Amino acid sequence: MNIKMKSGEFITLSACTMMLTALGIDIMLPAFASLREHFGFKPESTATAQIIVFFFMGQIAQLFFGILSDRFGRLAIYRIGFPLYILGGLVAAFAPTFEIMLGARFFAGVGASAVFMTTIAGVRDRFVGDQMARTMSLIFTIFLFTPVIAPFLGLAILSVSSWQMVFLTPVIFGIVIFIWSFRMEETHPVEKRTDLNWPSVSLSLKTVISNRPFLRYTTITTLLFSALSTWVATSEHIVGGIYGKPELFAWVFAGIGLLMSLCTFFNSYFSTRIGARKSIKWLLMAYA
563 MNIKMKSGEF
573 ITLSACTMML
583 TALGIDIMLP
593 AFASLREHFG
603 FKPESTATAQ
613 IIVFFFMGQI
623 AQLFFGILSD
633 RFGRLAIYRI
643 GFPLYILGGL
653 VAAFAPTFEI
663 MLGARFFAGV
673 GASAVFMTTI
683 AGVRDRFVGD
693 QMARTMSLIF
703 TIFLFTPVIA
713 PFLGLAILSV
723 SSWQMVFLTP
733 VIFGIVIFIW
743 SFRMEETHPV
753 EKRTDLNWPS
763 VSLSLKTVIS
773 NRPFLRYTTI
783 TTLLFSALST
793 WVATSEHIVG
803 GIYGKPELFA
813 WVFAGIGLLM
823 SLCTFFNSYF
833 STRIGARKSI
843 KWLLMAYA
């Protein structure tokens, strides 16, 4: 029997599910030095950045999970995403070779993409208009605070345990959230689901591709995300290796994460005052 989940619990659960993606990346960054030593890499090696890259590569699966969730419902994709995330994290923590670890990280990223995408779709299903905007703003604010906390949590775990325990922490968190998610009811009823066939899929693709504003904003977002993911993947090496300040890494990374969280509020303010188009124009100039 489905349990009617109140809005407060739904929003909290949604924020926690989205945190899985950030936690699966940021908490591991302080452990990269130990990881290089474990696999016999040189201290200046950037091979550990691939651990983040392969996780990000798994996000491409959102394209497929989006179609599947429209056909089979949100909960079905939840039930696929969580096990992939958990099993991928377990294999990565105990991988005998670096190559196996990278493969496991990819599948963990695929699982995270399913959970992330389904969470956003669930919010869209349950809320509309200004209420949806406020809900997503709150969820993303909580999500963006993860990079502030995660590096310090990783350092704390390293001080009393090994890098494997750091890798297992997102897995444990994922298991807890997965169990909690069984309280969630389906937000995409059968009567609203689309057929899984080529005419239906091709029509959706045609609608998206023909929307020029969407393509323009998506291109900008993709380029910015590429720059951000490059920084995340190499940040530990930049601060600890190039600048020789590994003890400051958590503070630097957390400071940038905090600034990003604060900017979400300014973004909402600027978009309301001067419009999204002008906001993007001036913020891109400031970014450059």
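Each number in our numbering corresponds to the 1-based position in the sequence shown with 562 added.
We treat Cβ as the ideally placed atom computed from N, Cα and C, and that holds for glycine.
As the structure is a computational prediction, the values presented were derived from the model and not from experiment.
* What does a CB cutoff of less than 8 angstroms around H600 pick up in its chain, not counting 5 residues either side in sequence? -> If the five residues before and after H600 are omitted, its C-beta is found closer than 8 angstroms to the C-beta atoms of W725, all from its own chain and listed in chain order.
* Pick helix, strand or coil for I589, following the three-state DSSP scheme. => The answer is coil: DSSP assigns I589 none of H, G, I, E or B.
* Quick one: using the 10 Å Cβ neighbour count with 16 as the cut-off for buried, is M847 buried or exposed? => Exposed: under 16 other Cβ atoms inside 10 Å.
* Asked: To the nearest angstrom, how far is it from the Cα of E798 to the Cα of F707?
  -> Taking the straight line joining both Cα atoms gives about 19 angstroms.
* Below 9 angstroms between beta carbons: does that hold for R598 and P605? -> Yes, Cβ-Cβ distance for R598 and P605 is below 9 angstroms.
* Determine the contact status of L646 and A670, defining contact as a CB-CB distance below 9 angstroms. => Going by C-beta atoms, L646 is nearer than 9 angstroms to A670.
* To do: Assess, as a yes-or-no matter, whether the region 794-813 is touched by the region 611-628 under the definition of 3 or more beta carbon pairs within less than 8 angstroms.
  => When Cβ pairs closer than 8 angstroms are counted between the two stretches, the region 611-628 is seen to touch the region 794-813, the count reaching three or more.
* To do: Flag this pair as yes or no: are the beta carbons of M580 and V677 separated by less than 9 angstroms?
  => Yes. Within cutoff.
* Within 10 angstroms of its Cβ, does D632 collect 16 or more other Cβ (buried), or is it exposed? -> Here D632 is buried. Its C-beta has 16 or more other C-beta atoms within 10 Å.
* To do: Mind reading off the beta-carbon distance from F714 to I648? Whole number of angstroms is fine, and I expect it under 8 angstroms.
  => F714 to I648, Cβ: 24 angstroms. No contact.
* Where does A795 sit, in a helix, a strand or coil, going by DSSP? -> A795: helix per DSSP, three-state reduction.
* To do: Answer yes if the region 728-742 comes into contact with the region 568-584, meaning at least three C-beta pairs across the two stretches below 8 angstroms, and no otherwise.
  => With the cut-off at 8 angstroms, the region 568-584 and the region 728-742 touch.
* Whose C-beta lies closer than 6 angstroms to the C-beta of G635 among residues of the same chain, with five residues either side of it excluded? -> Same-chain partners within the cutoff: E748 and H750.
* Can you tell which of A674, G628 and F644 has the C-alpha that lies nearest to the C-alpha of Q621? -> Comparing Cα-Cα distances from Q621 to each of A674, G628 and F644, the minimum goes to A674.
* Who are the Cβ neighbours of F689 in its own chain at under 6 angstroms, not counting the five residues just before and after it? -> Counting only Cβ-Cβ distances below 6 angstroms, and skipping sequence neighbours, we find T697.
* Kindly indicate which residue of P808, W760, T608 and F832 has the alpha-carbon position closest to the one of I629. => Nearest neighbour of I629 by Cα position, chosen from P808, W760, T608 and F832, turns out to be W760.
* Helix, strand or coil for L706 per DSSP? -> Note: L706 maps to helix in three-state DSSP.
* V685 and A666 closer than 9 angstroms at C-beta -> No.
* To do: Go ahead and pull the three-state DSSP assignment for E753.
  => In the structure shown, E753 adopts helical secondary structure according to DSSP, grouped into three states.
* So is I587 buried or exposed if we call it buried at 16+ other beta carbons inside 10 Å? -> With 16 or more other Cβ atoms within 10 Å, it is buried.
* Output the residue ranges of the beta strand (DSSP E) runs that lie fully inside the region 761-846 and measure 3 residues or longer, sorted by chain position. => Runs of the beta strand (DSSP E) lying entirely within the region 761-846 and spanning at least 3 residues: none are present.
* Among T659, F603, T783 and D687, the one whose alpha carbon lies nearest that of K754 -> Comparing Cα positions, the closest option is D687.
* Asked: DSSP three-state call for M698: helix, strand or coil?
  -> In the displayed model, M698 falls within a helix according to three-state DSSP.
* **Coil, strand or helix - F644 by DSSP** => F644 falls in the helix class under three-state DSSP.
* **Close Cβ partners of L810 (< 7 angstroms) along its chain, the five nearest in sequence each way excluded** => These residues qualify, in order along the chain: V801.
* Contained alpha helix (DSSP H) runs [length at least 4] in the region 599-680, N- to C-terminal order -> Within the region 599-680, the complete alpha helix (DSSP H) runs of at least 4 residues are 611-619, 624-634 and 636-655.
* Looking only at its own chain, which residues have a Cβ that is under 6 angstroms from the Cβ of V710, when we skip the five neighbours before and after it? -> Excluding positions up to five away in sequence, the list reads A816, G819 and L820.
* Asked: Of the choices G602, K768, T610 and R641, whose alpha-carbon is the least far from that of I737?
  -> Considering only alpha carbons, the answer is R641.
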